[in-house]
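Here the numbering used here is used: the first residue of the sequence shown is 41, the next is one more, and so on.
All residues carry an ideal CB built from backbone N, CA and C; glycine is no exception.
None of the values given here were measured: they were computed from a predicted structure.
Here the structure comes first, spelled out in structure tokens, and everything after it is commentary.
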Amino acid sequence: MTKNIEDKQGKFEELTKTPIPKLILKMAIPSTMAMLIGIAYSLADTYFISKIDTISTASVGLAFSFMSVTQAFGLLYGHGSGNYMSRMESEKNRTESSKMAIDGLVISFLTGTIIMIFGELYLNELALFLGATNSLLSSTKEYLLILLIGTPFMISALTMNNQFRLQGNPSLGAAAITSGAVINCILDPIFIFYFNLGIKGAAYATVIGEIISFIILIVVSGMRENIKFNLKNFSINKKILSELYGGGIPNFTREIFIGISLMLLNNELKIFGEEYIASFTIVNRLVLAGTYLMVGLGHGFQPVCIFNYGAKLYERVEKALKFTLRSAIIFMVFISIMFLMYSENMVMLFRNDNEIINIGSQVLSIQSITLPLIGYITITGMFLQSTHKFKEATLITSSRQGYIYIPLILIMPKMLGVKGILYVQPLSDFITFVISVVLVAKCKKELKC
């Protein structure tokens, strides 16, 4: 017990006194390494699936929107519980921190179980809702049928991962998520090609990877000064629920809107054919991979910001924000240039189909223009959430794929056809960027930094 308290005190001293650039980079390394694996996983997973056929690529693209919705609950409970736990640790209230840990985990697993049951019961309706056409319905249902089994484990793993990260122990959660992703990548070609399972093989590989990540996180939770998940501490009350949902709402709404926007996008694209859905699926994975390292840096920034904000060290909060913003924007400028220069080659890696290459390279080039703005939007959203500005954080995180994107995706295709679809995302990025600048300036003024 004494060793546990000493370890936590040492962590507090580290987060509130170490020079900002050194501290953020140290905190970011585990998440960044996990993101590197995540990039490899994301691209490899898409690569193997795209080698099956265009129908499979498009079907998995439809399922991505559902995966975003389910992941939203992991982010809701993970960030809601993790933010509260970090604040309690900064105030040295470890009893409340331990209670929130098990509350977040239990609720996340129950939520995943409910989603799994209803998803299996209404599988046909779910596939149609996601945008499946007659030619895509069968393969989409095959993929979702298996994918749903892993939902409780995936949501719980995301919850625990964010609890570890926001407690200043990012390497443990990152290692578990990375292990699951690596297993997924190894099993993909074996199940898809060797056992000739096709799209079902990709789903089996994903579920097995999610279960392995969940098991590892449960095991490492009992190590050293880490989070202890004790069912005896499970208790739900109004305060717990308020903190759990309030602290996680910005991430939840962002991810929910990503899912909704993808559903709307796919429903607009299906008018133009499976090739458009497949092309956007490939581009979305490339853009996601391009932002992973920037998000990893943000994950290093968040615990630093939370602890120093809780300790009222506002000057360190400002230094952390400036360093992280500058680094994120520079990195995203580099990614943008790479995508613009090699758009055709990148799409060609996945599908050597002239129509998909032409569509995909055009989409990738257009979306690359506003990638640097995404760096600013993402980090400022994390900053506002970490400084307890939940409403402002929710507005930023929900605008890019929600409040701004959804009206645009409903209006622009009707006005400009497929060209309208191409320009929805960059226009949404720009408007969200302007909103972010205004809200961050207001928050910094209140903090007097």
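Asked, Found
"Test item: CB-CB of glycine 421 and isoleucine 436 under 8 Å", "yes"
"7 Å CB neighbourhood of glycine 171 in its chain, flanking five on each side removed", "Leu102, Met303, Asn306, Asn307 and Lys310"
"Terminal residues of the alpha helix (DSSP H) in which glycine 457 lies", "Counting along the chain, glycine 457 falls outside any alpha helix (DSSP H), and DSSP gives it neither H nor E."
"Distance CB(alanine 112)-CB(phenylalanine 292) smaller than 8 Å", "yes"
"Supposed close pair alanine 98, threonine 321 - CB separation, criterion 8 Å", "7 Å"
"Beta-carbon proximity list for serine 105, same chain, < 7 Å, skipping 5 on both sides", "Leu170, Gly299, Leu302, Met303 and Asn306"
"Cβ contact check for the stretch 127-146 and the stretch 264-282: 3 or more pairs under 8 Å", "yes"
"Alanine 318 (DSSP reduced to helix, strand or coil)", "helix"
"Through-space distance from threonine 135 to serine 367, alpha-carbon basis", "37 Å"
"CA-to-CA distance, asparagine 174 to glutamate 315, given in whole angstroms", "15 Å"
"Segment contact, 8 Å Cβ cut-off, at least three pairs: the stretch 458-472 with the stretch 380-393", "no"
"Reduced DSSP category for proline 466 - H, G, I as helix; E, B as strand; rest coil", "helix"
"Proline 343 - DSSP class collapsed to helix/strand/coil", "helix"
"Sub-8 Å separation of isoleucine 396 and alanine 318 beta-carbons", "yes"
"Limits of the alpha helix (DSSP H) - the one that alanine 214 falls within", "210-229"
"Buried or exposed by the 16-neighbour rule on C-beta atoms within 10 Å, applied to isoleucine 444", "buried"
"Isoleucine 289 versus valine 344 - alpha carbon distance", "20 Å"
"Exposure label - isoleucine 154; buried when at least 16 CB within 10 Å", "exposed"
"Touching by the beta-carbon criterion (3+ pairs, under 8 Å), the stretch 59-72 and the stretch 333-349", "yes"
"Residue environment, phenylalanine 235, which counts as buried when at least 16 other CB atoms sit within 10 Å", "exposed"
"Ordered list of alpha helix (DSSP H) runs contained in the stretch 135-208, each at least 4 residues", "163-169, 174-187 and 191-206"
"Member of Gly241, Thr151 and Ser148 whose CA lies at the smallest distance from the CA of glutamate 182", "Gly241"
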